[in-house]
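First residue of the sequence shown: 3, per my numbering; consecutive thereafter.
Yeah, the Cβ is synthetic: ideal placement off N, Cα and C, and Gly gets one too.
Since we're looking at a predicted model, the values are computed, not measured.
In what follows, a single structure is set out as structure tokens and then discussed.
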Amino acid sequence: MGLLKGRVLFKSLVFVSILVGFVLPAYSSPPYKERPYKYRHYPPGAPKYKRYDRRLYIPAPPPRRPPAPRRGYIWVPRYRHPRGFYIGGYWRPPYRKGYIWIEGYWTSDGRWVFGYWKPVEVRKGYVWVPGFWNGYVWVDGFWRPEYKEGYIWVEGYWDDDGYWIPGYWKPLKVKEGFVWVPGYWDGTRWVEGYWRPSVRPGYLWKKGHYNESGVWIPGHWEKP
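Following this line, the structure appears as structure tokens:
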């Protein structure tokens, strides 16, 4: 009988502890204020930063160059974009069969072209589009036609947000109410561009870009 009373007393003490430690403070504390959905990924009281669609680059001195993967490799220096972020900085092999190395240079319009491998062979009617480094991944170049009726070729470039915009064919004619989405090279073939509506109610357009694995993510509509 005494053992039974002891168990009942123990359970009562546990219940009272839970009541005092968890239930009563919940009722006595200020009511929970529901936060807007777009800020729910931040803890209560944290600064509510604007969510950006693109990567954030912080101007800073480049880190030390990593050790060469193999003896004889050549270091290709980093390039500091006018907006402050750094592009490139990698080791390249001294030789690639069937190719020659073209050092980086400035174009007449002030655009920096990174060093790249150029095929030794020449294909009549075609132009070589250089490859480039995307983070730590090399995206290889490809051959494009020299001309395409009704289009002009726009050279690839780094935009002000640190994205590489690959070269593409742009129509000579403008289609009112629409925006041209450039085609791209998927590694094996050319995927043609297309016209999209300039506005879609309730959506924002996310530009196509290469991710950190060197895979092209096509442009698409997203809800904000």
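Residue nearest to R94 within the set Y186, W140, E224 is W140 (criterion: CA-CA distance). Below 8 Å, enough C-beta pairs join the segment 164-176 and the segment 197-212 to call them touching: three or more.
Secondary structure at E224: strand, using DSSP grouped into helix, strand and coil. For V193, the closest alpha carbon among the candidates F180, Y170, P199 is that of Y170. Taken in chain order, the unbroken stretches of beta strand (DSSP E) that lie wholly in the segment 66-119 and span 3 residues or more are 76-82, 88-94, 101-104.
Look at the beta carbons and you see the segment 74-86 not touching the segment 119-131: under three pairs across the two are nearer than 8 Å. V131 is classed as buried because its beta carbon has at least 16 other beta carbons within 10 Å across all chains shown.
Our two residues, P184 and D161, have alpha carbons roughly 15 Å apart in a direct line. DSSP, reduced to helix, strand and coil, places P132 outside both helices and strands of the structure shown, so it counts as coil. Assigned with DSSP and collapsed to three states, V122 falls in coil, not helix or strand. Minimum Cα-Cα distance from K225 among the listed residues W218, I219, R202 corresponds to R202. Rounded to the nearest angstrom, the gap between the Cα atoms of E123 and L174 is 31 Å.
In the displayed model, L174 falls within coil according to three-state DSSP, outside both helix and strand.
Note on Y107: under 16 other CB atoms within 10 angstroms of its CB, so exposed under the neighbour-count rule. Residue burial annotation: F180 is exposed, with fewer than 16 other C-beta atoms found within 10 angstroms of its C-beta. With a threshold of 16 other beta carbon atoms within 10 Å, Y118 meets it and is buried.
Y196 sits in a strand when the DSSP states are folded into three classes.
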